[in-house]
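Going by the working numbering, 80 is the number at position 80 of the sequence shown; the sequence numbering is gapless.
Glycine included, C-beta positions come from ideal geometry on N, C-alpha and C.
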Amino acid sequence: MRARVLASAALLTGMFAVALGCSAMIDAELTHVNCSWEGAIGPPACPAGQLCRAGVCAPCAASEICGDGFDNDCRNGPDDGCGSGGLGGGSGAGGAGGDAGGGSGGATGGAPGGGGVAGAAAGGGSGGASGCTTGGGGSGGASGGTGGSSAGAIGSPCANHAACDAGLFCEDPGAFGAAGGAKLCTRGCCKSDQCGASTNVCYPAVHGGSACVPASSVGRAEVGTKAAGDSCTTHGECRSGLCEANQCFDTCCADSDCSGAQYCVRRTLPGSTRQVMACGKNPGNGGFLALCSSGASCQSGLCLTAGACTKSCCSSKDCAGTISLACIHSDGLRFCGSFSGGTKAVGETCAASAECKSGKCISGGSYCSDTCCSDFDCGPGFACRAASLSGTNQLLCVKL
């Protein structure tokens with residue numbers, strides 16, 4: 001049996017060396033500790049001084065990330081020190097499937113069918129109103145009303161990053177494929193309950209990854225409280241604003257974002273033809289790097305063209321294994337795929353993406369970057385923000 005396992009590993013390594021043009025192991029600095037007790041701090045879920053988030057143990061942050069429901073700084077509870085209530089108050093404040101991609105890193109497999117859902121938009125374009133306004137602001141201001149966003153919180157208007165709470169950034173929802181027109185405070189996300197007020201949902205960006213956007217900007221008229229997999233009869237019962245086949249539908253970054261017997265799998269976004277990573281029933285039983293001939297053989301529904309099951313990822317750290325892979329974007333999905341063969345770490349200067357371990361040399365900055373879901377995926381001196389790579393907006397680690 002041991003000989004058979006070793007032979008399979010050797011076969012996989014050879015297949016990836018030919019198909020992906022790489023054979024080197026991912027460096028030890030990219031190793032990480034997986035966890036399943038979401039939000040737990042320190043032992044037994046994670047090493048001391050670390051928080052379990054998106055299925056990975058990450059160092060406690062220097063400050064709180066408001067509106068995500070986590071105790072990011074590992075003291076005084078979730079969202080401590082963050083504002084609450086409607087936008088206003090304060091002088092002058094306003095109220096207010098198929099192939100996942102060709103090439104060596106492509107992932108294949110039959111796309112699960114998904115029925116259209118009335119009122120759920122596929123995104124697209126940057127036109128249209130975001131549904132948020134900056135109101136007047138007399139002395140003391142007026143309350144923004146139930147469900148509003150406090151100044152600087154997710155969903156509140158902004159002119160620049162400095163106007164947003166720690167851990168957030170300022171961006172037009174149109175950059176992620178939602179209806180845009182005005183910049184709002186936002187952040188990368190894995191599921192909708194990480195987006196603060198119930199007026200915001202986690203939306204899978206057109207070019208991979210997900211970000212918090214106003215529910216109205218993606219055609220979701222009502223938002224409830226039920227999590228992915230919970231039973232539903234209307235969209236308004238679900239935290240994501242999407243109910244499909246009598247179960248709430250929501251995005252994910254890892255299996256730990258899903259409950260019960262669900263996995264983070266490739267699915268069709270309701271109301272569109274787009275393929276996204278969302279909680280659902282696993283098509284097959286093959287785990288990460290198990291041999292496969294199609295996505296139907298894999299838990300994630302993703303099978304690399306080289307013949308191995310892959311999975312969704314936040315950064316290349318999530319892709320550590322017996323074969324060198326990086327977290328890539330392809331056809332709107334983000335998964336562990338082809339490795340560039342580069343040697344430079346995040347932050348090192350570069351002239352081309354092939355020089356970087358992650359395969360990503362950020363546009364305009366000429367330094368190596370990597371994909372991310374939140375600031376936790378980026379090292380000191382970096383933040384997870386929308387940035388241009390190969391002419392598209394993606395969530396990447398950028399220098400502060």
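Quick one: using the 10 Å Cβ neighbour count with 16 as the cut-off for buried, is residue i buried or exposed?
i, result
"G379", "exposed"
"G49", "exposed"
"Y306", "In the sequence as displayed, the identity of residue 306 is Ala instead of Tyr. Flag for A306 reads buried."
"E244", "buried"
"N393", "buried"
"E222", "exposed"
"G260", "exposed"
"N160", "exposed"
"G381", "exposed"
"L389", "buried"
"S91", "Residue placement at S91 cannot be trusted, given a pLDDT of 33 that sits under 50; the coordinates are not used to answer."
"K399", "exposed"
"N246", "exposed"
"N285", "exposed"
"T219", "Thr is not the amino acid found at residue 219; the sequence shown has Gly there. G219 is buried by the Cβ-count criterion."
Which residues does DSSP list as the beta-bridge partners of residue i?
i, result
"A308", "L291"
"H329", "R334"
"N393", "S388"
"T186", "F169"
"P157", "L184"
"I41", "L51"
"C313", "Its beta-bridge partners do not exist; DSSP assigns none."
Please report the residue range of the beta strand (DSSP E) in which residue i lies.
i, result
"S388", "F382 to L389"
"Y409", "With the chain covering 1 to 400 only, the question about residue 409 has no answer from this structure."
"L400", "It is not in any beta strand (DSSP E) - L400 carries neither H nor E in the DSSP assignment."
"Q275", "Q275 to G280"
"E348", "First-last for E348: undefined, no H or E at that position."
"T199", "Unbroken run through T199: none, as it is neither H nor E."
"C298", "Unbroken run through C298: none, as it is neither H nor E."
Could you give the DSSP three-state label for residue i: helix, strand or coil?
i, result
"P59", "strand"
"C164", "coil"
"A7", "Only weak support exists for where A7 lies, its pLDDT of 39 falling under 50; the coordinates are left without a value."
"Q194", "helix"
"K344", "strand"
"G286", "strand"
"C378", "coil"
"C356", "strand"
"C264", "strand"
"D435", "No answer is possible for residue 435: it lies beyond the span of the chain, which begins at 1 and ends at 400."
"G174", "helix"
"C410", "Past the edges of the chain, shown from 1 to 400, lies residue 410, and the structure says nothing about it."
"D318", "helix"
With a threshold of 9 Å between beta carbons, is residue i in contact with chain C?
i, result
"V201", "No chain C is part of this structure, which consists of one protein chain only."
Complete beta strand (DSSP E) runs within the region 204–252 (minimum length 3 residues, chain order)
210–214
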